[in-house]
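Chemist: Keeping their order, the protein sequence lines are chains A and B. Under the working numbering, the first residue of the first sequence is numbered 1126, with each subsequent residue one higher. Under the working numbering, the first residue of the second sequence is numbered 145, with each subsequent residue one higher. Shown below is the structure under consideration.
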Amino acid sequence: MESRRDFLKTAATGALVLGSQIKLAAAFDQHTAAKSKVVVARDALLHGANGTLDEKRVQALLDRAIASYTGHDKPIAAWKSIVPVGKVIGLKVNGLGGKGISTHAALILAVCERLQLAGVKPGEIVIWDRNARDLEACGLTISTDPSRIRVYGSDVSGFEEQQETWGMARVRFSKILTRECAMVINLPILKDHSGAGVTFSMKNMYGVINNPGDLHATNCNPGVADLNCIPTVREKVRFTIGDAMTSVYDGGPGFHPERLWQPNALIVGEDRVAVDHTAWQMIERKRAEVGMTTLEAAGRPPRYIASAADPTRNLGTNDPQRIHLLEV
Amino acid sequence: MKFRSNWKWAIAALAIVAATACTGCKKKVADPFPATDAVTGWQKTSETRTFAAKDLYQYVDGDAEQYISAGVVTTSTSDYKYQGALEATVDVHTMTAPAGAQKILETGVTKDAKTVALGDEGIQYAQSIIFRKGNSLVRIVAYESTPDAPQALLALAHGIEAKL
């Protein structure tokens, strides 16, 4: 059986580059029998004494995570194996929770720096979320200058008129996703979620559609899974660099400083289901540590993760035996 | 012809009376958000945004569900800054009944909560305050933990309480 690493090495010669997103999707499906690699990279000193992030350490942590995932020690080679050159790369961040619990600018800018090192031009990078407020919550400034890294939301681009469907999901996508981006790197932030249980990689896609409120019933299950099955998401959003540097273990998705904690970690992977399963376990461990009930006992287990893994959706695996978890 | 003309005047007069009455109503609706320096040291740094229950997902995503089930009518929010440094956000949820505000407040209590004399019931943490008064539930969250944050938040909370 081919390992995930072998798969990536093979894929790096062709399928993972140059915008062949459909090939990527096909390649993933062919390799679902193999283990899905998820890297959890940690740095206990990521936050300084005053609680602020050390940007140099964030960059170093990102490099370590990507090197471990790709098997390439040099950042240029590592990033070239992930992203196509000459195509527009979207970075879907998450600023919904407000300033205290949004994807950190230090991580976003570190990714931008490495993308450019790999040959992606500034004008080929779009950092985006629902709207200007969310992006500003991440610590970013709106910019639509095509010669620079662009930062703007779906409030500027608008949504497609055409509705796309899969299962219960009937949505219209942001034009940033449909018209701008050849590939999207998903940069969610790890949070407890009062409805879904956990919000991370797959749930972050609620920020790319016009009607997220319609997909929250029954703990967002199967809403999250169905949304991620729509080819526009499935084929374009192929890589997650999850921000677990700061998180809320209860009371999310809003900012609750009394339930904030600093896992000081990045969770990286291509298999969005395996990434979310790993993130969920991280939340559960923290809740147990502080004497809280499991999310199941709290009435909000993230069942959408299992739904995403079921044979009809086949978005990835939630089986720990099939997840190659690499903690670095 | 004269009959028709009289009716037009009557409708116009009714419209003026109705408009005047509505203006009067608007004046009676309390704005709970203190203006800059209405509470010492606090600056209001954003416009107030208001979300109807059906649109609450736009603001708080999945959190909307618990507020809707507790009977939220509207949620208004504004950003503040204390002495040009400490940033905070104020959310004022208007519920259909006090029981809804109480339900949300009780859901949020953890063992670190300190009871504070605010409205009908209030609790405070190092970086946040939640209190309810009548149909209103107010949550103030600071984005940093500073030595003066608890006292500053409490002062702002009292400023809001007085306007509810």
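Note that CB positions come from ideal geometry on N, CA and C, so glycine has one too.
Can you name the start and end residues of the alpha helix (DSSP H) that glutamine 210 of chain B belongs to?
Modeler: First-last of the alpha helix (DSSP H) with glutamine 210 of chain B: 208–213.
Chemist: Rounded to the nearest angstrom, what separates glutamate 265 of chain B and alanine 296 of chain B at their Cα positions?
Modeler: The straight-line gap from Cα to Cα measures roughly 19 Å.
Chemist: Would you check if there are 3 or more beta carbon pairs closer than 8 Å linking the region 1284–1302 of chain A to the region 1312–1321 of chain A?
Modeler: The region 1284–1302 of chain A, when compared against the region 1312–1321 of chain A, does not touch it at the 8 Å Cβ threshold.
Chemist: Is the number of C-beta pairs between the region 1387–1396 of chain A and the region 1344–1357 of chain A that are closer than 8 Å three or more?
Modeler: No: fewer than three Cβ pairs fall under 8 Å.
Chemist: Consult DSSP for lysine 1160 of chain A and reduce its assignment to one of helix, strand or coil.
Modeler: Coil.
Chemist: Rounded C-beta distance between glutamate 1305 of chain A and glycine 1215 of chain A? I'm assuming under 8 Å.
Modeler: Indeed, because the Cβ distance is near 7 Å, the residues count as touching under 8 Å.
Chemist: Counting only beta-carbon separations shorter than 9 Å, does valine 260 of chain B have a partner in chain A?
Modeler: Valine 260 of chain B does not count as touching chain A.
Chemist: Kindly indicate which three-state DSSP category isoleucine 1392 of chain A falls into: helix, strand or coil?
Modeler: Isoleucine 1392 of chain A: strand per DSSP, three-state reduction.
Chemist: Let me know if leucine 1170 of chain A comes out buried or exposed under the rule of 16 or more other beta-carbons within 10 Å of its beta-carbon.
Modeler: The residue in question, leucine 1170 of chain A, is exposed, as its Cβ has fewer than 16 Cβ neighbours within 10 Å.
Chemist: Could you check where the alpha helix (DSSP H) with leucine 1234 of chain A kicks off and where it finishes?
Modeler: Here the alpha helix (DSSP H) through leucine 1234 of chain A covers 1230–1242.
Chemist: What did DSSP end up calling alanine 301 of chain B once you bin it into helix, strand or coil?
Modeler: Helix.
Chemist: For the alpha helix (DSSP H) containing asparagine 1311 of chain A, list its first residue and its last residue.
Modeler: Run containing asparagine 1311 of chain A: none in the alpha helix (DSSP H); it sits in the beta strand (DSSP E), 1308–1311.
Chemist: Mapping the DSSP letters down to three states, classify serine 1319 of chain A as helix, strand or coil.
Modeler: Reduced to three states, the DSSP call for serine 1319 of chain A is coil.
Chemist: What residue range does the alpha helix (DSSP H) around aspartate 1188 of chain A cover?
Modeler: It spans 1180–1195 - the alpha helix (DSSP H) in which aspartate 1188 of chain A sits, taken as one unbroken run.
Chemist: When the distance is taken between beta carbons, is proline 1271 of chain A closer than 9 Å to leucine 1242 of chain A?
Modeler: No, Cβ-Cβ distance for leucine 1242 of chain A and proline 1271 of chain A is not below 9 Å.
Chemist: Quick one: is tyrosine 287 of chain B near chain A, going by C-beta distance under 9 Å?
Modeler: True, the Cβ-Cβ gap to chain A drops below 9 Å.
Chemist: Measuring CA to CA, which of A:Ile1226, A:Ile1274, A:Ala1307 and A:Thr1228 is closest to glycine 1211 of chain A?
Modeler: Closest option to glycine 1211 of chain A, Cα to Cα, is A:Ala1307.
Chemist: Classify asparagine 1175 of chain A as buried or exposed, calling it buried when 16 or more other Cβ atoms lie within 10 Å of its own Cβ.
Modeler: It counts as exposed.
Chemist: Which one or two residues does DSSP pair with tryptophan 1253 of chain A in a beta bridge?
Modeler: Bridge partners of tryptophan 1253 of chain A: A:Lys1217.
Chemist: Use the C-beta contact count for valine 1415 of chain A: other C-beta atoms within 10 angstroms, 16 or more gives buried, fewer gives exposed.
Modeler: Answer is exposed; the Cβ neighbour count stays below 16.
Chemist: How far does the beta strand (DSSP E) with leucine 1451 of chain A in it reach, from first residue to last?
Modeler: Per DSSP, leucine 1451 of chain A belongs to the beta strand (DSSP E) from 1448–1452.
Chemist: Any contact between the region 1331–1341 of chain A and the region 1411–1430 of chain A? By contact I mean 3 or more CB pairs, one from each, below 8 Å.
Modeler: No: fewer than three Cβ pairs fall under 8 Å.
Chemist: Note the first and the last residue of the continuous alpha helix (DSSP H) segment covering isoleucine 1408 of chain A.
Modeler: Looking at the DSSP string, the run of the alpha helix (DSSP H) that includes isoleucine 1408 of chain A is 1397–1414.
Chemist: By how many angstroms is the C-alpha of proline 1382 of chain A removed from the C-alpha of aspartate 1375 of chain A?
Modeler: Aspartate 1375 of chain A and proline 1382 of chain A: Cα-Cα distance of roughly 10 Å.
Chemist: List the whole-angstrom C-beta distance separating leucine 1178 of chain A from alanine 1262 of chain A, where the pair is believed to meet the contact cut-off of C-beta under 8 Å.
Modeler: So it is not a contact: roughly 15 Å between Cβ atoms.
Chemist: Is glutamate 209 of chain B close to chain A? Criterion is C-beta to C-beta, closer than 9 Å.
Modeler: So, interface residue.
Chemist: Would you please verify whether the beta carbon of methionine 1370 of chain A is less than 9 Å from any beta carbon of chain B?
Modeler: Taking Cβ atoms only, chain B never reaches closer than 9 Å to methionine 1370 of chain A, which makes this a no.
Chemist: Under the DSSP definition of a beta bridge, which residues are partnered with serine 1334 of chain A?
Modeler: Checking the sequence, you will find isoleucine at residue 1334 of chain A rather than serine. Looking at the DSSP assignment, isoleucine 1334 of chain A forms a beta bridge with A:Phe1298.
Chemist: Looking at the unbroken beta strand (DSSP E) that takes in serine 222 of chain B, where does it start and where does it end?
Modeler: Start and end: 216–226.
Chemist: Taking only the alpha-carbon atoms, compute the straight-line gap between arginine 1438 of chain A and isoleucine 1366 of chain A and give it to the nearest angstrom.
Modeler: Straight-line Cα distance between these residues: approximately 22 Å.
Chemist: Could you give the DSSP three-state label for serine 1282 of chain A: helix, strand or coil?
Modeler: In the structure shown, serine 1282 of chain A sits in a helix (DSSP, three-state: H, G or I).
Chemist: On a CA-only basis, which of A:Leu1265, A:Leu1302, A:Gly1225 and A:Gly1292 is nearest tyrosine 287 of chain B? Give me that one, please.
Modeler: Nearest C-alpha to tyrosine 287 of chain B: A:Gly1225.
Chemist: Can you list, in chain order, the residues of its chain whose CB lies under 8 Å from that of arginine 203 of chain B, leaving out five sequence neighbours each side?
Modeler: Here residue 203 of chain B turns out to be tyrosine, not arginine, going by the sequence shown. So the qualifying residues of the chain are Arg193, Phe195, Thr219 and Thr221.
Chemist: Mind checking threonine 184 of chain B: buried by the 16 CB within 10 Å criterion, or exposed?
Modeler: The residue is exposed, with fewer than 16 neighbouring Cβ atoms inside 10 Å.
Chemist: Measure the alpha-carbon distance for arginine 1239 of chain A versus tyrosine 1194 of chain A and round it to whole angstroms.
Modeler: If you take the alpha carbons of arginine 1239 of chain A and tyrosine 1194 of chain A, they lie about 15 Å apart.
Chemist: What number of angstroms, rounded off, separates the C-alpha of asparagine 1389 of chain A from the C-alpha of alanine 174 of chain B?
Modeler: Going from the Cα of asparagine 1389 of chain A to the Cα of alanine 174 of chain B covers about 43 Å.
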